[in-house]
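Chemist:
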Amino acid sequence: MITNHWNDKLNLLPSTRKDIYFTEEYCKLHAFDNRIACAFVYEENDALYILPILIGQIPDSNGLCDFETPYGYGGPITNNDSPAFVQEAEKQLKKDCYAQGIVAGFIRFHPILDNVHLAAGAFDIMPDRKTVAIDLSAEEQQIWQDQLHSKNRNTIRKAERNGFTFLIDESFAFLEDFKRLYRQTMQRVAAEEFYNFDDTYFANLVYYLKNRACIGIVQQEDRSVAAAIFLYNGPWAHYHLAGSEYEGAIKGANNLLLYQAALYLKTKGAQILHLGGGTDHDESNSLLAFKRKFSPLTYQFSIGKGIFIEGLYNALCSKWEKAYPEKITEFGKMVLKYRF
């Protein structure tokens, strides 16, 4: 079934098989552009299969819909990896999508949970990029010596000598500072419009996730020069959004921020701090290179594309291609390309 309420089912899964990205609260946070936060839930006795999604009507399609997983890392999760159970869940997903006029779906899989195999029967799976994580189960000295690159350790020491100080903000008192730094950074790097989250997004983040999120701040002489929002739930923590002043960034503020935040999240019980990947799949991407200076531990991030009502989907794509031939080069390979 597809339902608007699934936290009660999610709570039945062990902490190592779920994450904050799968909660109702996180999905509601990203239910904009007229999308609705839902989850496909399949049960057999005590076995559960849960796929949180954002469903939205496709413009000018006579009521047809599609779905995608929220920004971040999602996909299906389960407490039963039996191939027979997973296959039955996938069959029911296809039936439910067909019955509700959902023509296609797009999944951003969770690299740490490695849940690609739970959707391989219903989706075409494509590796996208590598992501990086810090192993917080190690002792602090091991994190410093064995995971951080020597150049990174030098940069962090230099940042401290330059008077940078770190603090953690659990009450979101520094939210305005964060927004200023984040938006400066998005403008500086010419980020896609998708990443220009508005004030409502950040207000909802505090409302929905305040007890499972915090802001890490680096200051110099009482001025915030770098900040990041971190999410955490059980053994997993995530580097969600970040921003910094240019001068602070080149002097190591971001390096100090990530390292100190990792130590703080370790005290919250996190075993992994997932830093994510680069801005694209290129192994030489500069953001990926920066993150790799914190740990040699990497994961594979993959995406999935599912088509559930092929004839209607093909008609939508054909209509879009005829109307926007100039967009085919940029968006033509995307499963939900008709939305661009």
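If you read the sequence shown in my numbering, its first letter stands for residue 1250, the second for the next number, and so on.
Glycine included, each C-beta is placed from N, C-alpha and C at the ideal position.
Between I1251 and C1287, how many whole angstroms is the CB-CB distance? I'm expecting something under 8 Å.
Modeler: Reading the sequence shown from its first residue, position 2 is the one you call residue 1251. Reading the sequence shown from its first residue, position 38 is the one you call residue 1287. Their Cβ separation, rounded to whole angstroms, is 5 Å, which keeps I1251 and C1287 in contact under 8 Å.
Chemist: With a floor of 4 residues, list each alpha helix (DSSP H) that falls wholly inside the region 1436-1480, ordered by position along the chain.
Modeler: 1448-1458
Chemist: Under DSSP, the beta strand (DSSP E) around A1280 begins and ends at which residues?
Modeler: Within the sequence shown, residue 1280 is the residue found at index 31, counting from 1. No beta strand (DSSP E) holds A1280; DSSP gives it neither H nor E.
Chemist: Among I1351, A1296, R1541 and T1272, which one has its Cα closest to the Cα of G1560?
Modeler: In the sequence shown, residue 1560 corresponds to position 311, counting from 1. If we check each option's Cα against that of G1560, I1351 comes out closest.
Chemist: Just to confirm my understanding: we take T1528, look at its own chain, exclude 5 residues before and 5 after, and list those with CB closer than 7 Å. What are they?
Modeler: In the sequence shown, residue 1528 corresponds to position 279, counting from 1. Once the five neighbours on either side are set aside, the close Cβ partners of T1528 are N1534 and L1536.
Chemist: Tell me I1302's beta-bridge partners as DSSP assigns them.
Modeler: Within the sequence shown, residue 1302 is the residue found at index 53, counting from 1. I1302 pairs with C1287.
Chemist: Count the other C-beta atoms from every protein chain shown that fall within 10 angstroms of the C-beta of I1577, then say buried if there are 16 or more, exposed otherwise.
Modeler: Stepping through the sequence shown from its first residue, residue 1577 is reached at position 328. By the neighbour-count rule (16 or more Cβ atoms within 10 Å), I1577 is not buried but exposed.
Chemist: Only counting the same chain, and skipping five residues up and downstream in sequence, which positions put a Cβ closer than 7 Å to that of A1353?
Modeler: If you number the sequence shown from 1, residue 1353 lands on position 104. The beta carbon of A1353 lies closer than 7 Å to those of D1315, G1555, I1556, F1557, Y1562, V1584 and L1585 in the same chain, with the five residues before and after it left out.
Chemist: Going by DSSP in three states, L1561 sits in which element: helix, strand or coil?
Modeler: Position 312 of the sequence shown holds residue 1561. Here L1561 sits in helix by DSSP.
Chemist: Give me the Cα-Cα distance between F1372 and A1502, rounded to the nearest whole angstrom.
Modeler: Within the sequence shown, numbered from 1, the residue matching residue 1372 stands at position 123. Within the sequence shown, numbered from 1, the residue matching residue 1502 stands at position 253. Distance between the alpha carbons of F1372 and A1502 is about 41 Å.
Chemist: Any idea if I1499 is buried or exposed, counting beta-carbon neighbours within 10 angstroms, 16 or more meaning buried?
Modeler: One-based indexing of the sequence shown puts residue 1499 at position 250. It counts as exposed.
Chemist: Does the count of Cβ pairs from the region 1316-1323 and the region 1562-1575 closer than 8 Å reach three?
Modeler: no
Chemist: Check this for me: beta carbons of Q1394 and I1383, under 8 Å apart or not?
Modeler: Indexing the sequence shown from 1 puts residue 1394 at position 145. Indexing the sequence shown from 1 puts residue 1383 at position 134. No.
Chemist: At which residue ranges does the region 1344-1404 contain complete beta strand (DSSP E) runs of 3 or more residues, listed in the order of the chain?
Modeler: 1351-1357 and 1373-1384
Chemist: Report the CB separation of G1465 from L1506 in whole angstroms; it is logged as a contact under 8 Å.
Modeler: Within the sequence shown, residue 1465 is the residue found at index 216, counting from 1. Within the sequence shown, residue 1506 is the residue found at index 257, counting from 1. Right, the Cβ-Cβ distance comes to about 5 Å (below 8 Å), so this counts as a contact.
Chemist: Can you pull the DSSP bridge partners for A1491?
Modeler: In the sequence shown, counting from the first residue as 1, residue 1491 sits at position 242. A1491 is bridged to A1477.
Chemist: Per DSSP, which residues does G1555 bridge with? Please list them.
Modeler: Against the sequence shown, residue 1555 aligns to sequence position 306. Its beta-bridge partners are G1354.
Chemist: Could you check the C-alpha separation between L1430 and T1404 for me, to the nearest Å?
Modeler: Walking along the sequence shown from the start, residue 1430 turns up at place 181. Walking along the sequence shown from the start, residue 1404 turns up at place 155. So the alpha carbons of these two residues sit roughly 21 Å apart.
Chemist: Is it the case that the Cβ atoms of D1282 and G1312 are separated by a distance below 8 Å?
Modeler: One-based indexing of the sequence shown puts residue 1282 at position 33. One-based indexing of the sequence shown puts residue 1312 at position 63. The Cβ atoms of D1282 and G1312 lie no closer than 8 Å to each other.
Chemist: Given that a residue counts as buried once 16 or more other Cβ atoms are within 10 Å of its Cβ, and exposed if not, what is E1532?
Modeler: Locating residue 1532 in the sequence shown gives position 283, where the first residue counts as 1. Around the Cβ of E1532, a 10 Å sphere holds fewer than 16 other Cβ atoms; the residue is exposed.
Chemist: Beta-carbon separation of Y1457 and E1274 under 8 Å?
Modeler: Position 208 of the sequence shown, counted from the first residue, corresponds to residue 1457. Position 25 of the sequence shown, counted from the first residue, corresponds to residue 1274. Closer than 8 Å, so yes.
Chemist: So A1510 packs on F1479, CB below 8 Å; how close in whole Å?
Modeler: By 1-based counting over the sequence shown, the position of residue 1510 is 261. By 1-based counting over the sequence shown, the position of residue 1479 is 230. Right, the Cβ-Cβ distance comes to about 6 Å (below 8 Å), so this counts as a contact.
Chemist: Could you check which residue in K1540, K1582 and K1571 has the C-alpha nearest to that of V1381?
Modeler: Taking the sequence shown and counting its residues from 1, the one referred to as residue 1381 is at position 132. Ranking K1540, K1582 and K1571 by Cα distance to V1381 puts K1540 first.
Chemist: To the nearest angstrom, how far is it from the Cα of N1256 to the Cα of A1369?
Modeler: Reading the sequence shown from its first residue, position 7 is the one you call residue 1256. Reading the sequence shown from its first residue, position 120 is the one you call residue 1369. The alpha-carbon of N1256 is positioned some 25 Å away from that of A1369.
Chemist: To which residues of the same chain is F1451 closer than 7 Å at the C-beta, ignoring the five residues directly before and after it?
Modeler: Position 202 of the sequence shown, counting from 1, holds the residue named residue 1451. Closer than 7 Å at Cβ, skipping near neighbours: L1424 and K1428.
Chemist: Would you mind stating whether L1278 and N1453 have Cβ atoms separated by less than 8 Å?
Modeler: Locating residue 1278 in the sequence shown gives position 29, counting from the first residue. Locating residue 1453 in the sequence shown gives position 204, counting from the first residue. Closer than 8 Å, so yes.
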